[in-house]
Amino acid sequence: MLESKGKPKKILIVGGGTAGWMAANLLATKWQDTEICLVESKDIGIIGVGEGSTPHLKLFFDAINVADSQWMPRCNATYKNGITFDGWSTVKGFESYFHPFAAQTDDVFTVPLFFKNIQARMQGYKVDAHPDKYFLESYLAANKLGPLPNDTFPFGLAYGYHFDSALLGQFLAEHAQSLGVKRVYGTVTKVSQNNHGELNAAILSDGTMMEADFFIDCSGFNSLLIQKTLKVGYRSFKECLFNDAAVVMPSVISQELPVETKATALSNGWAWQIPLRNRFGNGYVFSSDYIDANQAETELRQHLGLLHSDVEARHLKMQVGRVEKHWYKNCLAVGLAQGFIEPLEATAIALSFNTIAQFMQYFQQGQFSNQFEDAFNQDINSRFDGIKDYVVCHYKTNQRRDTAYWRDNAANNKISDTLNRIIQLWQHSPDFAGDMQRSKLMGSYQAKSWACMLAGYGVFPPTSSDPSIDYSMHQHEIDALNDFIRRCGLNFKSHNELLSN
Ligand SMILES: Cc1cc2nc3c(=O)[nH]c(=O)nc-3n(C[C@H](O)[C@H](O)[C@H](O)COP(=O)(O)OP(=O)(O)OC[C@H]3O[C@@H](n4cnc5c(N)ncnc54)[C@H](O)[C@@H]3O)c2cc1C
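For the sequence shown, this note's numbering begins at 4 and goes up steadily by one.
See the structure below:
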């Protein structure tokens, strides 16, 4: 259907979680002549988790003209330099590594030496290729320094955030309403369609009929419009991402606020620890095929030192996968309604932002027809699949063998051809970064990120101990880089100080 009906006069968003309110804010900011209405169900509520982001949340706030200082204090938010992965590898010296965000301007000074030493290490030379030695963000995280430098510092750093998801939802709801978005409480029980199968109206349990020209499905795992009404197919990722449940609980925050998320591998999954201004948010993401919910809760309590505490735990189920089409007819799905790749890299908000922002571009370029529906769906699918491959790689190349869960993940061959080729390149290419670029395999992550993970796990052949090789030059270069990083670090305030400004 290529015919354009012109810019929608009225858009109805179904769902008032983070995804729904993000969509409402972006639409209301950019399409001011369109009436935006959001309906949400008090009975169903929101999922209420999701407290870490990538730098895309900054892009989102920039797009709606909201500064850090406006929303962060309201949401108990802190800054995030990246993620420390603890216990995913048992290789000596590689039990933990830090993953910085992509595309920093100082990378030009640090990344070449990282790749040079990775290649040397791949040939068996005894050089230090642990990623923590090579990035300013690792230094900042280790020293609890925030990501915003002094004005005179020449490099820009991308950063993410940690935040209270309920408070973020409230902030976004208020902001959207200040932009003119109409908020309605009600539960949609029926959706009507016209003769072409397009959506006409959402009908609430009290009989209210909410008509619109275009609909945004932000109904969470319910996926009320895109899957239940329009019957768009769903592709599960379960065969390569085993986790399907989580248990969540808060704990007391340390005085000095960390600037990183911690992702610690446990017996049958992993636990996040996210620092907010008033508490740590914690959760254990696990596979119910390997451990039951009660055992997982006990293990999380043990991990947090809360075994004998009466702090309440919340249990959640989750589906991993994505819809085949995110935009179909006059409906766009955003957030959990369109899919979810478990939270290891905290990418859900990034995908929601990309989905809404890209949709607005494609729709507008096609004069508000469905001309670019296929191109858009391919674009979003490749973003989902690229992130999925990156997350799967954490499991596939894990270096633990202590439980069936980790052994089965390592032995799992149901991974994509792309991921297979990336792992092959890591093992055999004399120029991993260059070959990744040339083969266009990187997906949503840079070669640097792939290398951080694989080098961070210590996925290297054994080192040789050839006494005729002099390694002092390598060490000299690393020492010089570490000195450069330390001096860069002098331009950054402590995280606590940054937040108190
Ligand atoms: C364990 C876990 C950890 C996560 N961690 C992260 C993270 O660190 N970072 C990140 O970016 N993301 C994370 N996520 C994902 C994140 O929680 C979601 O992407 C985010 O909260 C957005 O959710 P949503 O708005 O799509 O759905 P929800 O919050 O579930 O909102 C759905 C909305 O739809 C409404 N609704 C549903 N059915 C109806 C109906 N019939 N009528 C009217 N309204 C209806 C509900 O009332 C609600 O308002 C995590 C998810 C899980 C499961």
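Using N, Cα and C, we set each Cβ at its ideal position, and we do this for glycine too.
Predicted, not measured: the structure shown is a model, and the values here were computed from it.
Check                                                                                                                                                           : Outcome
Give me whichever residues DSSP pairs with I14 in a beta bridge.                                                                                                : I39, F217
Check whether the Cβ atoms of G342 and D392 sit closer than 9 Å, and answer yes or no.                                                                          : no
Look at the alpha carbon of A80 and the alpha carbon of S72, and state the distance between them as a whole number of angstroms.                                : 10 Å
Quick one: measure Cβ to Cβ for Y100 and D135, integer angstroms, because I've assumed they're closer than 8 Å.                                                 : 6 Å
DSSP on C78, reduced to helix/strand/coil?                                                                                                                      : helix
Just to confirm, is the Cβ distance from L347 to I50 under 9 Å?                                                                                                 : no
Quick one: complete beta strand (DSSP E) runs, 3+ long, within the region 113-173?                                                                              : 148-152, 163-165
Counting along the chain, where does the beta strand (DSSP E) carrying I86 start and finish?                                                                    : 85-89
Skipping 5 residues on each side, what residues in its chain have a beta carbon closer than 7 Å to that of L151?                                                : L501
Rounded to whole angstroms, what is the Cα-Cα separation between P115 and D434?                                                                                 : 11 Å
Any heavy atom of ligand 1 closer than 8 Å to the beta-carbon of I49?                                                                                           : yes
Report the residue from L354, F289, D438 whose alpha carbon sits nearest the alpha carbon of N412.                                                              : F289
So who's on the other strand from Q440, going by DSSP bridges?                                                                                                  : Looking at the DSSP assignment, Q440 forms no beta bridge with any residue, so it has no partner.
Taking the alpha carbon of S7 as the point to measure from, which residue in T421, N333, M476, D110 has its own alpha carbon closest?                           : N333
For the alpha helix (DSSP H) containing G459, list its first residue and its last residue.                                                                      : 450-459
Out of curiosity, what's the CA-to-CA distance linking M476 and Q402?                                                                                           : 30 Å
Is any non-hydrogen atom of ligand 1 found closer than 8 Å to the C-beta of M456, if you look at the structure I gave you?                                      : no
Whole angstroms is fine: what's the gap from T301's alpha carbon to D313's?                                                                                     : 12 Å
For H311, which of helix, strand or coil comes out of DSSP?                                                                                                     : coil
Output yes or no for whether 9 Å exceeds the beta carbon distance between H59 and I277.                                                                         : no
Over what stretch of residues does the alpha helix (DSSP H) that includes I390 continue unbroken?                                                               : 376-399
Given that a residue counts as buried once 16 or more other Cβ atoms are within 10 Å of its Cβ, and exposed if not, what is R124?                               : buried
Within the continuous alpha helix (DSSP H) that includes T21, where are the two ends?                                                                           : 21-33
Which ranges does the beta strand (DSSP E) cover as unbroken runs of at least 3 residues, wholly within the region 303-356, from first to last along the chain? : 317-320, 324-326, 334-336
Report yes if the CB atom of G90 is closer than 9 Å to the CB atom of L310, and no otherwise.                                                                   : no
In whole angstroms, what is the alpha-carbon distance linking L171 and S442?                                                                                    : 40 Å
What are the boundary residues of the alpha helix (DSSP H) that includes A66?                                                                                   : 59-66
Under three-state DSSP, which class holds F366?                                                                                                                 : helix
Taking only the alpha-carbon atoms, compute the straight-line gap between R186 and Q196 and give it to the nearest angstrom.                                    : 23 Å
When you compare only the Cα positions, how much space is there between A248 and A483?                                                                          : 45 Å
For P261, list the residues DSSP reports as bridge partners.                                                                                                    : Note: P261 sits in no beta bridge, so no partner.
Quick one: does the C-beta of V191 sit closer than 8 Å to a heavy atom of ligand 1?                                                                             : yes
Can you give me the start and stop residues for the alpha helix (DSSP H) that Q430 sits inside?                                                                 : 420-431
Between which two residues does the alpha helix (DSSP H) containing R186 stretch?                                                                               : Segment 185-188 is the beta strand (DSSP E) holding R186; no alpha helix (DSSP H) there.
Just to confirm before moving on: does the CB-CB distance between G223 and G338 stay below 9 Å?                                                                 : yes
Less than 7 Å between C-beta atoms, sequence neighbours within five positions excluded: which residues of the same chain meet that for W24?                     : G172, L175, A176, A179
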